[in-house]
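Quick note, in the numbering used here, the sequence shown goes up one by one and the last residue is 114.
Below is one structure, written out as structure tokens; the observations come after it.
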Amino acid sequence: QVQLVESGGGLVQAGGSLRLSCAASGIIFSMNTMSWYRQAPGKQREPVAHITGGGSTIYADSVKGRFTISRDNAKNTAYLQMNSLKPEDTAVYYCRVIMKSVYWGQGTQVTVSS
1 QVQLVESGGG LVQAGGSLRL SCAASGIIFS MNTMSWYRQA PGKQREPVAH ITGGGSTIYA
61 DSVKGRFTIS RDNAKNTAYL QMNSLKPEDT AVYYCRVIMK SVYWGQGTQV TVSS
């Protein structure tokens, strides 16, 4: 079955960096668009970045120039490099893939202190 496992979250000071990973199994990874979403307390889950199988990327305006999404098809893993982090980036970050259904990982907490 499809499984997405995120890792790499943690506590960081404003201006710092984190790199999230999403390890996928049960899918033909190279053929699927991988996405990162986030959900802050009391807010709806929102898209952060997407990367197609061919490597094309889309970013939310709030993270453009600070976050970079990438993928390693040989490792079935997607990444989210987050630089210049701000307190408003604090959220649970989720990995998502859509096939016949929508699949989510369990999420990883990112906390940015001011």
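Glycine included, each C-beta is placed from N, C-alpha and C at the ideal position.
Arginine 96 and proline 87 have their alpha carbons spaced roughly 23 Å apart. Only residues of its own chain outside the window of five on either side were considered, and among them Cys22, Ala24, Cys95, Val97, Tyr103, Trp104, Gly105 have a CB closer than 7 Å to the CB of leucine 4, listed in chain order. In the DSSP assignment, serine 7 forms a beta bridge with Ser21. Cα atoms of threonine 111 and serine 70: separation of roughly 22 Å, rounded to the nearest angstrom. With respect to glutamine 109, glycine 9 sits close: the two C-beta atoms are nearer than 7 Å.
Beta-bridge partners of proline 47 (DSSP): Tyr37. Per the DSSP secondary-structure output, arginine 71 pairs in a beta bridge with Ala78. Excluding sequence positions up to five before and after threonine 90, its CB lies within less than 7 Å of the CB of Ala40, Val110, Thr111, Val112, all in the same chain and listed in chain order.
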